[in-house]
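Here is the structure we will look at.
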Amino acid sequence: MDKLLIRGGRALHGEVPVSGAKNAALPELCAALLTAEPVVLHNVPRLKDIATMLALIRNMGAAVERIEDPDCSRPDARGVVRIVADPLHRTEAPYELVKTMRASVLALGPLLARFGEARVSLPGGCAIGSRPVDQHIKGLAAMGADIAVEHGYMIARLPEGRTRLKGACITTDMVTVTGTENLLMAATLAEGETILANAAREPEIVDLAEMLIRMGAKIEGHGTARIRIQGVERLGGCEHQVVADRIEAGTFLCAVAATGGEAFLRHGRVDHLDAVIGKLRDAGVEVHSHGDGIRVKSPGAARLQAQSFRTTEYPGFPTDMQAQFMALNVVAQGRSTVAETIFENRFMHVSELLRLGARIRTTDARQAEIEGLSNCDDNTEPVPGLSGATVMATDLRASASLVIAGLVAQGETVVDRIYHLDRGYDCMEAKLRGLGADVERI
Ligand code: UD1
């Protein structure tokens, strides 16, 4: 199993490209199932999750071609994928693929809307919580689908005599990102109008909606909590550029800040990271938009001021940045409190950070108190504390937090089980090396 060996203590300097967003590319690949015409996606990141989604779509019988498939020797090069979902042999997402990636559930809405049937495995739990998909099911049922759960599968059909879903007004019980995406895609081909109230507002939803509009969908209000969709009879092909990954950008911002470095994140979008950048600025980090990217300059790890925050839906502080910002708080000055409100079990990085010398106390499953390691008054002392150790990655963003801590720690840190990192970070080691980090896959 691959591990990452990090020799810490070097500040990150230079330029790093930000790749296309995993969480936009995944629903956008599924959107290709809505049409018989070719869909070409540009800026598709090199990720295990993308390979899984392509395998899933190929397994249905669609023609999937990677037109550009650059390797990590060129971190700035961009992947291009072409999909023609015509014909499909089967409208199914089997357990073997879904169990490795929950986002496979995004096939449900498009398949049902276009073919009137879908059989998609229930994803089951995952490391960060139980993560049910009841809201996806409830929404599609409101649009007229008959959905049963049998033998671990969601089996969805249109009732006898119907060829299309019908528009509905759907208010989900909570804000759900993939739930909104599934219902949005389904509604594009439904008969009549659908209103998604309590919709998620993430930039990835906006990007998906823009792609669907290019395909001929009629959508208004994306980016707000109320999305209005007028169903059309058919959608056509399109070319679309995947939006930059705000979580990858945010991760590099934290890594540069925590190591006391200075960098330019090419393609990064300041406007998608308001909550994180606000906290970084309060911590003493200079961050601003510059041309096609973000400039970041750390005051030095010993001068960072720890920041308390709580995760909420966009535009609030993203749960997908919680672990990485906690790593920064660990090395900063002062006390901070981190509250996780989206997932029930998202502090698994804490026990691993403790192994590196962090001072963190979890008061319950959703709240952690951090005692920053920098407490020198004159701001000239090096950061005391973190020392390299072997740590275990438990989920995608937890892994990123361990990498950040490893970059700051003295000596060697080995991050085990980095397949989690490969699921969601495009060429992470190559990019870190480009910034001067001493990292190696072993
Ligand atoms: C997406 C992101 C993930 C991010 C998360 C929250 C993708 C592929 N993944 O995950 O990186 O961490 O948003 O920003 O885009 N819930 C239910 N029932 C449902 C749906 C959700 O109870 O039917 C709950 C979840 O358990 C969770 C909360 O709602 O507690 C939010 O989950 P959701 O927004 O759906 O997360 P995902 O879309 O799975």
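With the working numbering, letter number 157 in the sequence shown gets 157, and the count goes up by one each step, no holes. Even glycine gets a Cβ: it sits at the ideal position worked out from N, Cα and C.
Query                                                                                                                 : Result
D378, DSSP secondary structure in three states                                                                        : Caution is warranted here: a pLDDT of 49 is assigned to D378, below 50, making its placement in the model unreliable, and the coordinate value is therefore given only provisionally. If DSSP states are grouped into helix, strand and coil, D378 belongs with coil.
Contacting residues, own chain, Cβ-Cβ under 8 Å from E210 (five flanking each side not counted)                       : H222, H240
Residue(s) in a DSSP beta bridge with E191                                                                            : K166
Of the listed residues F115, V243, L112, R214, nearest to H272 (C-alpha basis)                                        : V243
Any 3 or more C-beta pairs closer than 8 Å across the region 262-280 and the region 346-353                           : no
Cβ distance (whole Å) where A85 is taken to contact L33 below 8 Å                                                     : 5 Å
Nearest-angstrom beta carbon gap, D207 and A24 [assumed within contact, 8 Å]                                          : 4 Å
Check: Q322 C-beta below 7 Å from any heavy atom of the ligand UD1                                                    : no
Helix, strand or coil at A258 according to DSSP, with G and I counted as helix                                        : helix
Residue(s) in a DSSP beta bridge with G14                                                                             : A263
Those runs of the beta strand (DSSP E) which lie wholly inside the region 26-89 and span at least 3 residues          : 39-44, 63-68, 79-84
Contact check, L183 vs G152, beta carbons under 8 Å                                                                   : no
Backbone secondary structure at T171 - three-state DSSP                                                               : strand
Continuous alpha helix (DSSP H) stretch holding I404: start and end                                                   : 396-408
Own chain, CB closer than 6 Å to E202, minus 5 neighbours either side, in chain order                                 : V177, Y314
Closest residue to A283 among A258, R266, P70 (Cα-Cα distance)                                                        : A258
S19 classed as buried or exposed, judged by whether at least 16 other C-beta atoms fall within 10 angstroms           : buried
V296 beta carbon less than 8 Å from that of E286                                                                      : yes
Exposure of E446, with buried meaning 16 or more beta-carbon neighbours within 10 Å                                   : Residue 446 falls outside the range modelled here, since the chain spans only 1 to 442, and no answer is possible.
As assigned by DSSP and simplified to three states, the class of A197                                                 : strand
Proximity test, G179 beta-carbon vs the ligand UD1 heavy atom, cut-off 7 Å                                            : yes
Cβ-heavy atom distance, H452 to the ligand UD1, below 7 Å                                                             : Any question about residue 452 goes unanswered here, given that the chain covers just 1 to 442.
Any non-hydrogen atom of the ligand UD1 within 7 Å of V149 CB                                                         : no
Cβ-heavy atom distance, A200 to the ligand UD1, below 7 Å                                                             : yes
Reference L26, options R102, R359, S387, E412, closest by Cα                                                          : R102
Heavy atom of the ligand UD1 within 7 Å of I6 beta-carbon                                                             : no
Own chain, CB closer than 6 Å to T390, minus 5 neighbours either side, in chain order                                 : V414
Length-filtered (3 minimum) beta strand (DSSP E) runs lying within the region 285-353                                 : 286-289, 293-297, 335-339
Pairwise C-alpha distance: T188 and G116                                                                              : 14 Å
Boundaries of the alpha helix (DSSP H) in which Y419 is found, first to last residue                                  : 419-424
Check whether A255 and I404 have beta carbons under 8 Å apart                                                         : yes
Contact test: I227 Cβ vs the ligand UD1 heavy atom, cutoff 7 Å                                                        : no
Inter-stretch contact at 8 Å, needing at least 3 Cβ pairs: the region 141-158 / the region 68-86                      : no
Neighbourhood of E381 by C-beta distance below 7 Å, restricted to the same chain and skipping five residues each side : Its pLDDT being 48, under 50, E381 is placed unreliably in this model, and the value from its coordinates should be taken loosely. These residues qualify, in order along the chain: A302.
Neighbourhood of D378 by C-beta, 6 Å cutoff - its chain only, sequence neighbours within 5 removed                    : Here the model assigns D378 a pLDDT of 49, short of 50, so the residue's position is not dependable, and the following value carries that caveat. Cβ within range, chain order: n/a, list empty.
Residues sharing a beta bridge with A244, DSSP                                                                        : G20
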